[in-house]
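A.B. asks: Please read through the structure below; I'll follow up with questions.
Residue numbers (our numbering): 1088 to 1207.
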């Protein structure tokens, strides 16, 4: 994998957008592109930083789900995704977990196949 000198604490401010990390406990290591996800022990996961903007962070966990969290993540965003999913044919992630406080929110959702609209 990587040497212990490459490790950094698992804090959002230590993570860089578009980078992949192997998370072991509360420690992050740079993730080489050659890592086989199926060969990782159960206590390790791969995180990819999809976006970091204005206190909002979006992480992909082990290629299986996405977590959006931070300041400004509000219940209305999760409700909007549920509404669009229920009443349209527009593909949106399925929200399966939310947690909100006055100054912080978390939305966990499924991955969907495709590409961001901003790349069209």
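In this text, a Cβ means the ideal position worked out from N, Cα and C, and glycines have one as well.
(1) Residues in its own chain within less than 6 Å of residue 1108 by CB, not counting five upstream and five downstream?
(2) Tell me whether residue 1160 is buried or exposed, calling it buried when 16 or more other Cβ atoms sit within 10 Å of its Cβ.
(3) At what residues does the beta strand (DSSP E) containing residue 1181 begin and finish?
(4) Let me know if residue 1144 comes out buried or exposed under the rule of 16 or more other beta-carbons within 10 Å of its beta-carbon.
(5) Locate the alpha helix (DSSP H) running through residue 1170, then write down its first and last residues.
(6) For residue 1205, name the three-state secondary structure that DSSP assigns.
(7) Compute the Euclidean distance between the alpha carbons of residue 1121 and residue 1139, then round it to the nearest angstrom.
(8) I need the straight-line Cα distance from residue 1169 to residue 1199, nearest angstrom please.
(9) On the DSSP bridge assignment, give the partners of residue 1146 in chain order.
(10) Could you tell me if residue 1163 is buried or exposed, where buried requires 16 or more neighbouring beta carbons within 10 angstroms of its beta carbon?
(11) Helix, strand or coil for residue 1127 per DSSP?
(12) Take residue 1097 and list the residues in its own chain whose beta-carbon comes closer than 7 Å to its own, dropping the five residues that flank it on each side.
C.D. replies: Walking through what the data contain:
(1) Translated into the one-based positions of the chain shown, residue 1108 becomes position 21. Once the five neighbours on either side are set aside, the close Cβ partners of residue 1108 are 1115, 1118, 1134.
(2) As a position in the chain shown, residue 1160 is number 73, starting the count at 1. The Cβ neighbour count for residue 1160, taken over all protein chains shown within 10 Å, is at least 16; the residue is labelled buried.
(3) As a first step, residue 1181 must be located in the chain shown, where it is residue number 94. Counting along the chain, residue 1181 falls outside any beta strand (DSSP E), and DSSP gives it neither H nor E.
(4) Taking the chain shown and counting its residues from 1, one reaches residue 1144 at position 57. Flag for residue 1144 reads buried.
(5) Reading the chain shown from its first residue, position 83 is the one you call residue 1170. Counting along the chain, the alpha helix (DSSP H) containing residue 1170 begins and ends at 1162-1174.
(6) As a working note, residue 1205 is residue 118 in the chain shown. Three-state result, residue 1205: helix.
(7) Counting from 1 along the chain shown, the entry for residue 1121 is found at position 34. Counting from 1 along the chain shown, the entry for residue 1139 is found at position 52. Going from the Cα of residue 1121 to the Cα of residue 1139 covers about 25 Å.
(8) In the chain shown, counting from the first residue as 1, residue 1169 sits at position 82. In the chain shown, counting from the first residue as 1, residue 1199 sits at position 112. Answer to the nearest angstrom: the Cα atoms are 14 Å apart.
(9) As a first step, residue 1146 must be located in the chain shown, where it is residue number 59. For residue 1146, which the question treats as bridged, DSSP gives the partners 1136, 1154.
(10) For the purposes of this step, residue 1163 is taken as residue 76 along the chain shown, with counting starting at 1. Exposed: under 16 other Cβ atoms inside 10 Å.
(11) What you label residue 1127 is simply residue 40 of the chain shown in a count that begins at 1. Three-state DSSP puts residue 1127 in coil, outside helix and strand.
(12) Numbered from its first residue, the chain shown carries residue 1097 at position 10. Cβ neighbours of residue 1097 beyond the five flanking positions: 1110, 1113, 1114, 1115.
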